[in-house]
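Student:
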């Protein structure tokens, strides 16, 4: 059996809000003809529904889309297959969902990392960089920021390629394009 | 007619607050002996007046300075000329001014991009990266952050060169120095 | 007398909260067998004590640790020696301490820069990038952000090498690795 692609093939795309990170991540996934979009955003209010629909329109056809606000490890295990690219957008929102729903975060994160270590096809992960502003006033926001930063570090260790995107333009932090 | 310089010649300098982005942008503009500074800051309170004056002192002589809080597209059309470098500092403040004064933002932004596409001399644009902190509590700040990020992406598509500045030091995101 | 290493040998590691900047800075310092850790965090509340202790555990043995919340220039002068690496973590917290205790900030900063210019061994400095979020609502946070950004610029001018760290991965802003 000859491997068709390097394995694991995991790209991590980091960036701020409206940095163009999703569009860049989509351009990486478009190299594959079969694509599954794992959307973590929850339809909690009108603003989020608007954002989710705008993203979906912008993405266009050619994607199978699953909304996976919490059980991401399971979805990755079920959907990963050779020559099928998974795009997970975004991990930071998923982390917020876990906290909001009172899930056991360390366990969920460990399960995610295990699932990623065993994928059988390419994966593109999107995550937010949230630690570059002033220290937040409230303890919950500080705790979230710490969790998100540590998750990004864990994902970056696992990933083959890591990009930091600003104004739609990537800087390669790890690997080569 | 032989072109003396590549055209259009638009540099975009991105960075956070007090990242040294203005000083770096000025160093790009100083390559030209004729320079026009288009300042977008409004003299709304004592803090802003202090900041504007400090910037002006730091910049030194050798600049024609125009304060253009809103009608930026018009100013760019009027001032752009071969061998005259325009420095616009900064686009994010301009965007905030548009919102504050209830101007039609999409139209103003389209007019700006049109004006930039037709400049006859070099332009250096400064913009703030504001999306790398924790998600703001209030919806207006989130909307501003989204607008600013999208504007930065549109400017980056148009620009020949894009820099991200931290602690006074540039990373090239697009083009070459 | 033959110099064993380039002098001065100052590295500045910039990054956001939980960006992995401290771990990366430690990896730079571990090239030296004799290491002094100058910790600027104050044990002001339970959260800070927890963070300080977690950092210390993570760092492991092999470090002499001094807690220096305010008198950093003195500590650097006293501890710097050939073949002894000083790691200062972090300058942004130190700046916050100065403001909180009503110290004369310009004088303290000038003293720090003087001390750094005269070190006799390698130094690794860690500082936070705090200017990449939305403009803070309150004037004190804006003033702190301005001070921190200007301090980072001053340190970057002095440093031989400057890194920007995201998700544990460095981008070289100045010098070479």
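Protein chains in written order, with our numbering: chain X, 1 to 177; chain H, 1001 to 1177; chain F, 2001 to 2177.
For glycine and all other residues, C-beta sits at the position ideal for the given N, C-alpha and C.
In this text the structure is predicted, and so the values were computed from the model without any measurement.
Taking CB distances under 7 Å as the criterion, tell me whether residue 1133 (chain H) reaches chain F.
Tutor: yes
Student: I want to see whether chain A comes within less than 7 Å of residue 1152 (chain H), judged by CB atoms only; does it?
Tutor: Judged by its chain identifiers, the structure shown contains no chain A, and its protein chains are X, H and F.
Student: Beta-carbon of residue 169 (chain X) versus every beta-carbon of chain H: anything under 7 Å?
Tutor: Put simply, the CB of residue 169 (chain X) is near chain H, with a gap under 7 Å to one of its CB atoms.
Student: State the beta-bridge partners of residue 1028 (chain H) as determined by DSSP.
Tutor: Its beta-bridge partners do not exist; DSSP assigns none.
Student: Taking the C-alpha atoms as reference points, what is the distance between residue 18 (chain X) and residue 1058 (chain H)?
Tutor: 32 Å
Student: Are there three or more Cβ pairs, one per stretch, closer than 8 Å when the stretch 58 to 73 of chain X is compared with the stretch 2008 to 2018 of chain F?
Tutor: No, the stretch 58 to 73 of chain X is not in contact with the stretch 2008 to 2018 of chain F.
Student: When the Cα atoms are used, what is the spatial distance from residue 2076 (chain F) to residue 2130 (chain F)?
Tutor: When rounded, the distance between both Cα atoms is 25 Å.
Student: Would residue 2173 (chain F) and residue 2165 (chain F) qualify as a contact pair, given that the criterion is a beta-carbon distance under 7 Å?
Tutor: no
Student: Note down, in chain order, all residues in the stretch 1028 to 1054 of chain H with a beta-carbon under 9 Å from any beta-carbon belonging to chain X.
Tutor: none
Student: If the criterion is Cβ atoms closer than 7 Å, does the pair residue 93 (chain X) and residue 38 (chain X) meet it?
Tutor: In this structure, residue 93 (chain X) keeps its C-beta atom at 7 Å or more from the C-beta atom of residue 38 (chain X).
Student: Measuring only the C-alpha atoms, how far is residue 127 (chain X) from residue 2082 (chain F)?
Tutor: 42 Å
Student: Any idea what DSSP makes of residue 152 (chain X), helix, strand or coil?
Tutor: helix
Student: On the three-state DSSP scale, how would you describe residue 2004 (chain F)?
Tutor: At residue 2004 (chain F), the pLDDT of 49 sits below 50, so the modelled position is not reliable; the number obtained from the coordinates is stated separately. DSSP places residue 2004 (chain F) in coil when its eight states are reduced to three.
Student: Where does residue 95 (chain X) land, buried or exposed, given buried means 16+ other C-beta within 10 angstroms?
Tutor: buried
Student: Do you know whose CA, among X:34, X:147, X:47 and X:175, lies nearest residue 109 (chain X)'s CA?
Tutor: X:147
Student: Return the first residue and the last residue of the alpha helix (DSSP H) that residue 2079 (chain F) is part of.
Tutor: 2072 to 2079
Student: Please classify residue 1153 (chain H) as buried or exposed, where buried requires at least 16 neighbouring CB atoms within 10 angstroms.
Tutor: In the assembly as shown, residue 1153 (chain H) is a buried residue. Its beta-carbon has 16 or more other beta-carbons within 10 Å.
Student: Does the distance from the C-beta atom of residue 97 (chain X) to that of residue 70 (chain X) stay below 7 Å?
Tutor: Result yes, Cβ atoms of residue 97 (chain X) and residue 70 (chain X) sit closer than 7 Å.
Student: Note down the Cα distance separating residue 2159 (chain F) from residue 2116 (chain F), rounded to an integer number of angstroms.
Tutor: 9 Å
Student: Given a limit of 7 Å on CB to CB distance, which residues of the stretch 10 to 26 of chain X reach chain H?
Tutor: Listed in sequence order: 16, 17, 18, 19 and 20.
Student: Report the neighbours of residue 2110 (chain F) on chain H: residues whose CB is nearer than 8 Å to its CB, in chain order.
Tutor: Chain H residues near residue 2110 (chain F): none, gap ~18 Å exceeds 8 Å.
Student: Sort X:122, X:123, X:50 and X:140 by Cα distance to residue 2047 (chain F) and report the nearest one.
Tutor: X:140
Student: Let's see if you can read the secondary structure: which residues bound the alpha helix (DSSP H) around residue 57 (chain X)?
Tutor: 46 to 59
Student: Specify, as a first and last residue, the run of the alpha helix (DSSP H) that residue 2133 (chain F) falls within.
Tutor: First-last for residue 2133 (chain F): undefined, no H or E at that position.
Student: Within the continuous alpha helix (DSSP H) that includes residue 2096 (chain F), where are the two ends?
Tutor: 2091 to 2100
Student: Would the beta-carbon of residue 992 (chain H) fall within 7 Å of that of residue 1125 (chain H)?
Tutor: In the structure as shown, chain H starts at 1001 and stops at 1177, and residue 992 (chain H) therefore has no counterpart that could be examined.
Student: Quick check on the DSSP output: the beta strand (DSSP E) that includes residue 2127 (chain F) runs from which residue to which?
Tutor: 2123 to 2128
Student: Secondary structure at residue 1023 (chain H), three-state DSSP: helix, strand or coil?
Tutor: helix
Student: Helix, strand or coil, according to DSSP, for residue 1043 (chain H) in the structure here?
Tutor: coil
Student: Compute every distance between the C-beta of residue 2085 (chain F) and the non-hydrogen atoms of the ligand MG, then say whether any falls below 6 Å.
Tutor: The model depicted lacks the ligand MG and carries no ligand whatsoever.
Student: Residues of chain H with a CB under 8 Å from the CB of residue 172 (chain X): which are they?
Tutor: Per Cβ cutoff of 8 Å: no residues; residue 172 (chain X) is ~11 Å from chain H at best.
Student: Since residue 15 (chain X) sits in a beta bridge, which residues does DSSP pair it with?
Tutor: Partner(s): X:128 and X:165.
Student: Taking only the alpha-carbon atoms, compute the straight-line gap between residue 2123 (chain F) and residue 1144 (chain H) and give it to the nearest angstrom.
Tutor: 40 Å
Student: At which residues does the beta strand (DSSP E) containing residue 2065 (chain F) begin and terminate?
Tutor: DSSP places residue 2065 (chain F) inside the beta strand (DSSP E), whose first and last residues are 2064 to 2067.
Student: Taking Cβ to Cβ, would you say residue 2134 (chain F) is nearer than 7 Å to residue 1136 (chain H)?
Tutor: Yes.
Student: Going straight from the alpha carbon of residue 54 (chain X) to that of residue 1142 (chain H), what length do you get?
Tutor: Distance between the alpha carbons of residue 54 (chain X) and residue 1142 (chain H) is about 16 Å.
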